[in-house]
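Heads up: the structure comes next, in structure tokens.
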Amino acid sequence: MGEIMFDDIPVSVGPMNEGERVRSPDMYVELAGPKSYGFELVKVVENAEDKVEVVGKDLDEMEEKGRYPFAIIVKVSGSNLEEDLEGVLERRVHEFINYIEGVMHLNQRDQIWIRVNKDSFNKGLRLKHIGYVIQRLFKAEFPFIEKCDVILITDAEKVKEELEKAREIYKKRDEKTKSIRDEDVDVFYGCVMCQSFAPTHVCIITPDRPALCGGINYLDARAAAKIDPNGPIFEVPKGELIDEKLGIYSGVNEVVREKSQGAIEEVSLHSALVNPCTSCGCFEAVVFYIPEVDGFGVVHRGFKGETPVGIPFSSLAGQCSGGKQVPGFLGVSIAYMMSPKFLQGDEGWERIVWLPKELKERVKEAIPKNLYDKIATEENVSNTDELIKFLKEKEHPCIKRIEVTETKVEEQEVTEISETEETEENKEVESIGIPTMTLPGTFAGLPPGIKIVLYNAVIKAEKIVITKEDFNKKKNK
Numbered sequence: 029m030g031e032i033m034f035d036d037i038p039v040s041v042g043p044m045n046e047g048e049r050v051r052s053p054d055m056y057v058e059l060a061g062p063k064s065y066g067f068e069l070v071k072v073v074e075n076a077e078d079k080v081e082v083v084g085k086d087l088d089e090m091e092e093k094g095r096y097p098f099a100i101i102v103k104v105s106g107s108n109l110e111e112d113l114e115g116v117l118e119r120r121v122h123e124f125i126n127y128i129e130g131v132m133h134l135n136q137r138d139q140i141w142i143r144v145n146k147d148s149f150n151k152g153l154r155l156k157h158i159g160y161v162i163q164r165l166f167k168a169e170f171p172f173i174e175k176c177d178v179i180l181i182t183d184a185e186k187v188k189e190e191l192e193k194a195r196e197i198y199k200k201r202d203e204k205t206k207s208i209r210d211e212d213v214d215v216f217y218g219c220v221m222c223q224s225f226a227p228t229h230v231c232i233i234t235p236d237r238p239a240l241c242g243g244i245n246y247l248d249a250r251a252a253a254k255i256d257p258n259g260p261i262f263e264v265p266k267g268e269l270i271d272e273k274l275g276i277y278s279g280v281n282e283v284v285r286e287k288s289q290g291a292i293e294e295v296s297l298h299s300a301l302v303n304p305c306t307s308c309g310c311f312e313a314v315v316f317y318i319p320e321v322d323g324f325g326v327v328h329r330g331f332k333g334e335t336p337v338g339i340p341f342s343s344l345a346g347q348c349s350g351g352k353q354v355p356g357f358l359g360v361s362i363a364y365m366m367s368p369k370f371l372q373g374d375e376g377w378e379r380i381v382w383l384p385k386e387l388k389e390r391v392k393e394a395i396p397k398n399l400y401d402k403i404a405t406e407e408n409v410s411n412t413d414e415l416i417k418f419l420k421e422k423e424h425p426c427i428k429r430i431e432v433t434e435t436k437v438e439e440q441e442v443t444e445i446s447e448t449e450e451t452e453e454n455k456e457v458e459s460i461g462i463p464t465m466t467l468p469g470t471f472a473g474l475p476p477g478i479k480i481v482l483y484n485a486v487i488k489a490e491k492i493v494i495t496k497e498d499f500n501k502k503k504n505k
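Using our numbering, the first residue of the sequence shown is number 29, and each one after it goes up by one.
Written out as structure tokens, the structure reads:
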């Protein structure tokens, strides 16, 4: 699909505009986003009327550089439409809005973030035009949609009212896949809808691993692949099971390798440490490794404060977005946190040490009861020192991983040396360094006096560093 010409739309529309960023200096207005609120929702109804409606102020009634609540409600009718298609159609709103010159759409559901630039506003672009584009593209892409209403809401109270209703619908959708497991199906699904922003990102969707955007679960993906075989969502044969715990499949690796243009060779569906899946930028939360405690924190998009490592969500998101594969960082959906396979390759909830209070309450039913009170929040700790103290007091399982005294380690080293004293090699003892994970520059590394000992760890090393140590110095410790 090339440029789409609409005589009554004052800007260009088409895939050539996908990936366009609207930076703050160029922004005319921001709708929803992290400093406001909003949502998008597609509903299958019996009596859509083919109307486009703006409830509240249009763009020309807003202040330049202003931020406003915003909702997009799309109602579709058609003889072959089913409720199960709502989530699939809803995710296409992201694509269609990004077709519009000078308009940037990020995220999904109740996390949407839209910006309109000054140039497009000055050309005459208004909300009603955005509504017409959404309506026409839905009907063009999906011929079974006979009628389509688009309601765009900027009235703050109305957005709040409809937002609560939308969240109930999202919740019901997510409940539908809870009885299906990865091992129950023959195929998974992939999505490359976000490759306009993250060219090497391939999202793998399974019953136990919904899309990281939170907008598409396994049943949604299956429906999408059927109704639009040439679309951005497609079947992924599982292939051979290589590692059950990590969730590594030969078929998944082949597809990821192909769709990422060879940038990504292998992914683990259920690990943040061993070849984690790539992340785009639409994820609902970020899992991040905390080396001081050999555990993970998880921070969601709505949390405005800093994590115990002194970094907010926005900075952590920057570490793993854009289709990068960064061990120790992983974009996830809230629904995945509710999955029984959540990070099972990294010991799951036993490795989670910190969550924002709001997120902890939201996923409460998924957290094992014996661990709930052992997971810190922003109300308990504000830095890693406080986190370590909290975890020790609560006897969190992660503490057992790092409570190895310096004496024990040193004794082991001395014993190993004494056994080789009579050999020629004892003059220059060669030690193989433990493979280390490359962390972003924002991490300064472990503080003095802290050692990490990994128990029952499976380590895949791409590089081994061998250093020479002075035996006499080591002997005289």
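All C-beta atoms in this analysis are idealised placements derived from N, C-alpha and C, irrespective of residue type, glycine included.
Since the model is a prediction, treat every value here as computed from it, not as a measurement.
Once DSSP output is grouped into helix, strand and coil, what is the label at residue i?
{"i": "L134", "result": "strand"}
{"i": "E272", "result": "coil"}
{"i": "T306", "result": "coil"}
{"i": "L87", "result": "helix"}
{"i": "P340", "result": "strand"}
{"i": "K175", "result": "strand"}
{"i": "E452", "result": "Legend: pLDDT at E452 = 33, less than 50; position of this residue unreliable, value from coordinates given subsequently. Helix."}
{"i": "N281", "result": "helix"}
{"i": "L187", "result": "According to the sequence provided, residue 187 is Val. The question's Leu does not apply to it. Residue state, collapsed to three classes: helix."}
{"i": "C219", "result": "strand"}
{"i": "H424", "result": "coil"}
{"i": "V314", "result": "strand"}
{"i": "I416", "result": "helix"}
{"i": "S52", "result": "helix"}
{"i": "K71", "result": "strand"}
{"i": "Y65", "result": "coil"}
{"i": "V409", "result": "coil"}
{"i": "L117", "result": "helix"}
{"i": "R390", "result": "helix"}
{"i": "A239", "result": "coil"}
{"i": "L59", "result": "strand"}
{"i": "Y96", "result": "strand"}
{"i": "L103", "result": "Residue identity check: residue 103 is Lys in the sequence provided, not Leu. Here K103 sits in strand by DSSP."}
{"i": "H157", "result": "helix"}
{"i": "N398", "result": "helix"}
{"i": "P368", "result": "coil"}
Near residue i, which residues of its chain fall below 6 Å by C-beta distance, leaving aside the five closest residues on each side in sequence?
{"i": "S367", "result": "D236"}
{"i": "D86", "result": "R154 and L155"}
{"i": "V295", "result": "V284, N303 and C305"}
{"i": "H157", "result": "I37"}
{"i": "E378", "result": "P425"}
{"i": "V326", "result": "A313, V315 and L383"}
{"i": "P340", "result": "E334"}
{"i": "E111", "result": "V72"}
{"i": "L344", "result": "V314 and F316"}
{"i": "R201", "result": "G115"}
{"i": "G47", "result": "S224 and F225"}
Would you call the CB atoms of residue i and residue j closer than 8 Å?
{"i": "Q372", "j": "C241", "result": "no"}
{"i": "P43", "j": "Y160", "result": "no"}
{"i": "L274", "j": "S307", "result": "no"}
{"i": "K175", "j": "A76", "result": "yes"}
{"i": "H122", "j": "M221", "result": "yes"}
{"i": "N145", "j": "D210", "result": "no"}
{"i": "V213", "j": "E263", "result": "no"}
{"i": "V116", "j": "A252", "result": "yes"}
{"i": "G290", "j": "G279", "result": "no"}
{"i": "S148", "j": "V39", "result": "yes"}
{"i": "P336", "j": "V409", "result": "yes"}
{"i": "P265", "j": "C219", "result": "no"}
{"i": "E118", "j": "E68", "result": "yes"}
{"i": "A226", "j": "W141", "result": "no"}
{"i": "V102", "j": "V70", "result": "yes"}
{"i": "R195", "j": "D271", "result": "no"}
{"i": "E407", "j": "K385", "result": "yes"}
Would you check whether the ligand NAP has a heavy atom nearer than 7 Å to the C-beta of residue i?
{"i": "D36", "result": "Of the ligands one can find in the structure shown there are none, so the ligand NAP has no counterpart to examine."}
Would you please state the rounded distance, in angstroms, between the beta carbons of residue i and residue j? I believe it to be under 8 Å.
{"i": "I255", "j": "L113", "result": "7 Å"}
{"i": "N82", "j": "L180", "result": "Looking at the sequence provided, one finds Val at residue 82 rather than Asn. Indeed they touch by this definition, with Cβ atoms about 5 Å apart."}
{"i": "I380", "j": "F324", "result": "5 Å"}
{"i": "R143", "j": "E58", "result": "5 Å"}
{"i": "Q353", "j": "I292", "result": "6 Å"}
{"i": "I416", "j": "E320", "result": "6 Å"}
{"i": "L301", "j": "D401", "result": "That belief does not hold up - the Cβ atoms of L301 and D401 are roughly 25 Å apart, past 8 Å."}
Keeping to the same chain, check which residues put their C-beta closer than 7 Å to that of residue i; ignore five residues upstream and five downstream.
{"i": "T234", "result": "D210, F216, Y246 and L297"}
{"i": "K167", "result": "I173 and C176"}
Excluding the 5 residues preceding and the 5 following residue i in the sequence, name in chain order all residues of the same chain whose CB lies nearer than 8 Å to its CB.
{"i": "H229", "result": "V220, C222, Q223, S288, T306, S307, C308, G350 and G351"}
{"i": "D78", "result": "Q163, K175, C176 and D177"}
- Query: Is there contact between the segment 58-67 and the segment 95-104, where contact requires at least three CB pairs shorter than 8 Å?
  - Reply: yes
- Query: Counting Cβ pairs closer than 8 Å, one from the segment 346-365 and one from the segment 238-252, do we hit at least three?
  - Reply: yes
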